[in-house]
Amino acid sequence: MYAFLRSLTTLILRSQKNSMRRIAFALLASALSLFAVAQTKPAAQTTLAATPPMGWNSWNWFAGKVTQDDVKSAADLIVSSGMRDAGYVYVNIDDTWEGKRDANGVLHTNEKFPDMKALADYVHSKGLKLGIYSSPGDQTCAKYEGSLGHEQQDADLYASWGIDYLKYDLCGFGKEMKAKAPDDKLKQNQMMHDAYEKMHQAILKTGRPIVYSLCQYGFDSVWQWGPSVGANLWRTTGDVQANWASIALIAKTQIGLGKYAGPGHWNDPDMLEVGNGKLTPDENRAHMGMWAMLAAPLLAGNNLTQLTPEVTGILTNREVVAIDQDKLGKQAERIYQEGPIEIWSRPLADGGVALAVINFGEDENFARGISLHLKEAGVKPGMKAHDIWNAKDLGAIKDDYKYSLKRHQMLLLRFSK
Ligand code: GAL
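Quick look at the structure:
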């Protein structure tokens, strides 16, 4: 390359003819710009959260009791259960790891997390990534130390430990907003945007790729401005609970949000409750299937030391995970509703379609003849259907396909050419 540039320069200098000089000059200019691009572009460019992040988070099960050993054992179990190989890589510590700041403002961990750097090294040694939690306020939701006024210091600390993911939870910042802009919602919202942007800039300055997860419960239509403050994901709802009413309510309030999600920036209807509470097998499947349709981050929230084959099977179902992680990144939308029955569909990168029919009601519904609405779903005539939860090929079914759905059950179909 250098030799080529040198001979072009010589040609320009020595050329007798103007036209020849012009051609050599043009060649040199394009060669130089190509050279500049080649120098600045990294060999392989990767987008952070190109598909919805997958992993595990401590909150839904351990809440404030989580310790370093729980996180280590979660990492071990993610590997031994096959979850890592199914795509679950982030091991996220939620609230209550924080200790106090020292005289220089440096935050320390509390006694439950004696050595965060060693924990990060351990998690990384398993081929996993480590996530952490903070708040733009002076306090987190559980009243631990927040990042207000220490954003860069905290981001630098996370980077020095080797943190790969930050969940930044509004909580304590609410009182700041009310104190500084009482009765002025617009100003309060602007303060909130600025606070999220501040941490975004702090993360960028560390130079470490850290997935940035906004948690402010969907206030102020966060899906419209989340990407502008660098969010890779943003919560669209309040906290999920381990019961069907909560899961159904969240699912139904995602209607219309699909257009805001895409590679690198995702709607987050909150973490999975699969395997928690008294969810039935049908409810666990419908919850997991719905989150996959929604291109939601899949952050398991259960106690991995009590994994049952049923729960492992649901969480690691390759075909369900493939829908969630589909490269096209198009979140499902609801295309039809009739009473408690809803039909949601999403287009897939291979030209196929994922279609979910869910019975949100309490009644058993034995094939009341509700059409599958394949045309509205984008299913082309002749496409073949695969019933994912029943692991069954159905062939080229039509709208009049008979299915029966019990209460809280989901039919999940993948159509391909
Ligand atoms: C809530 C948040 C939960 C959890 C909790 C920790 O605000 O929505 O997901 O992070 O705080 O205190």
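Counting from 4, one number per residue, gives the positions in the sequence shown under the numbering used here.
Just so you know, even glycine gets a beta-carbon here, dropped at the ideal spot from N, CA and C.
Identify which residue in the options has its Cα closest to the Cα of residue i.
{"i": "Val2", "options": "Thr240, Thr70, Phe65 and Asp88", "result": "The structure shown does not extend to residue 2, since the chain is modelled only from 4 through 420, so no value can be given for it."}
{"i": "Gly381", "options": "Leu414, Arg288, Asp98 and Glu336", "result": "Glu336"}
{"i": "Gly385", "options": "Tyr168, Gly372 and Ala399", "result": "Ala399"}
{"i": "Trp164", "options": "Ala121, Phe176, Lys190 and Ser76", "result": "Ala121"}
{"i": "Trp392", "options": "Leu358, Asp403, Leu375 and Gly221", "result": "Leu358"}
{"i": "Thr239", "options": "Leu377, Gln142, Gly259 and Ile213", "result": "Gly259"}
{"i": "Ala251", "options": "Asp396, Ala158 and Glu365", "result": "Glu365"}
{"i": "Gly177", "options": "Tyr168, Asp167, Asn95 and Gln193", "result": "Gln193"}
{"i": "Ser224", "options": "Pro350, Ser128 and Ala264", "result": "Ala264"}
{"i": "Gln313", "options": "Tyr339, Gly332, Gly304 and Asp285", "result": "One point to set straight first is that residue 313 is Glu, not Gln, in the sequence displayed. Of Tyr339, Gly332, Gly304 and Asp285, the residue nearest in Cα terms is Asp285."}
{"i": "Gly261", "options": "Asn246, Ala289 and Trp226", "result": "Trp226"}
{"i": "Gly85", "options": "Phe222, His127 and Asn320", "result": "Asn320"}
{"i": "Leu173", "options": "Asp157, Val214, Tyr220 and Gln156", "result": "Tyr220"}
{"i": "Arg371", "options": "Lys409, Gly67, Gly210 and Leu282", "result": "Lys409"}
{"i": "Asp124", "options": "Trp237, Gln71 and Lys103", "result": "Gln71"}
{"i": "Asn1", "options": "Gln244, Asp105, Asp271 and Asn270", "result": "The structure shown does not extend to residue 1, since the chain spans only 4 to 420, so no value can be given for it."}
{"i": "Phe65", "options": "Lys383, Ile373, Gly304 and Met413", "result": "Gly304"}
{"i": "Ile344", "options": "Ala289, Gln334, Lys68 and Thr315", "result": "Ala289"}
Residue j and residue i - do their beta-carbons sit closer together than 8 Å?
{"i": "Leu131", "j": "Ala78", "result": "yes"}
{"i": "Ser407", "j": "Gly355", "result": "no"}
{"i": "Gly411", "j": "Asn368", "result": "Checking the sequence, you will find His at residue 411 rather than Gly. It is not a contact, given that the beta carbons lie outside the stated cut-off."}
{"i": "Arg417", "j": "Glu322", "result": "yes"}
{"i": "Glu2", "j": "Leu160", "result": "With the chain running from 4 to 420 in the structure shown, residue 2 is simply not present."}
{"i": "Ala234", "j": "Glu154", "result": "no"}
{"i": "Val232", "j": "His203", "result": "yes"}
{"i": "Ser138", "j": "Gly175", "result": "yes"}
{"i": "Asp390", "j": "Leu397", "result": "yes"}
{"i": "Leu207", "j": "Asp167", "result": "no"}
{"i": "Leu318", "j": "Val277", "result": "yes"}
{"i": "Met274", "j": "Trp62", "result": "yes"}
{"i": "Cys218", "j": "Lys146", "result": "no"}
{"i": "Ile338", "j": "Val360", "result": "no"}
Taking the DSSP output, what are the residues bridged to residue i?
{"i": "Gly134", "result": "Asn95 and Tyr168"}
{"i": "Ala357", "result": "Arg349 and Arg417"}
{"i": "Trp100", "result": "Looking at the DSSP assignment, Trp100 forms no beta bridge with any residue, so it has no partner."}
{"i": "Cys144", "result": "Partner(s): none; Cys144 has no beta bridge."}
{"i": "His268", "result": "Gly265"}
{"i": "Gly364", "result": "According to DSSP, Gly364 bridges with nothing at all."}
{"i": "Asn235", "result": "Answer is none; Asn235 lacks a bridge partner."}
{"i": "Trp59", "result": "Val94 and Ala303"}
Indicate the three-state DSSP secondary structure (helix, strand or coil) for residue i in the structure shown.
{"i": "His111", "result": "strand"}
{"i": "Arg371", "result": "coil"}
{"i": "Ala198", "result": "helix"}
{"i": "Leu151", "result": "coil"}
{"i": "His389", "result": "strand"}
{"i": "Cys174", "result": "coil"}
{"i": "Val214", "result": "strand"}
{"i": "Gln340", "result": "strand"}
{"i": "Gln204", "result": "helix"}
{"i": "Leu302", "result": "strand"}
{"i": "Asp396", "result": "strand"}
{"i": "Pro436", "result": "No answer is possible for residue 436: it lies beyond the span of the chain, which begins at 4 and ends at 420."}
{"i": "Ala66", "result": "helix"}
{"i": "Met274", "result": "coil"}
{"i": "Gly381", "result": "coil"}
{"i": "Gly316", "result": "helix"}
{"i": "Pro284", "result": "helix"}
{"i": "Ile326", "result": "helix"}
{"i": "His127", "result": "helix"}
{"i": "Gly241", "result": "coil"}
Tell me, please, whether the CB atom of residue i is closer than 8 Å to any CB atom in chain B?
{"i": "Tyr168", "result": "The chain inventory of the structure shown lacks chain B, comprising one protein chain alone."}
Segment contact, 8 Å Cβ cut-off, at least three pairs: the segment 114-121 with the segment 199-211: no
For the segment 327-343 against the segment 293-301, do three or more pairs of beta-carbon atoms, one drawn from each stretch, fall closer than 8 Å, so that the two count as touching? yes
Contact between the segment 299-312 and the segment 57-65 (3+ Cβ pairs under 8 Å): yes
On the three-pair Cβ rule with 8 Å, is the segment 305-314 touching the segment 89-107? no
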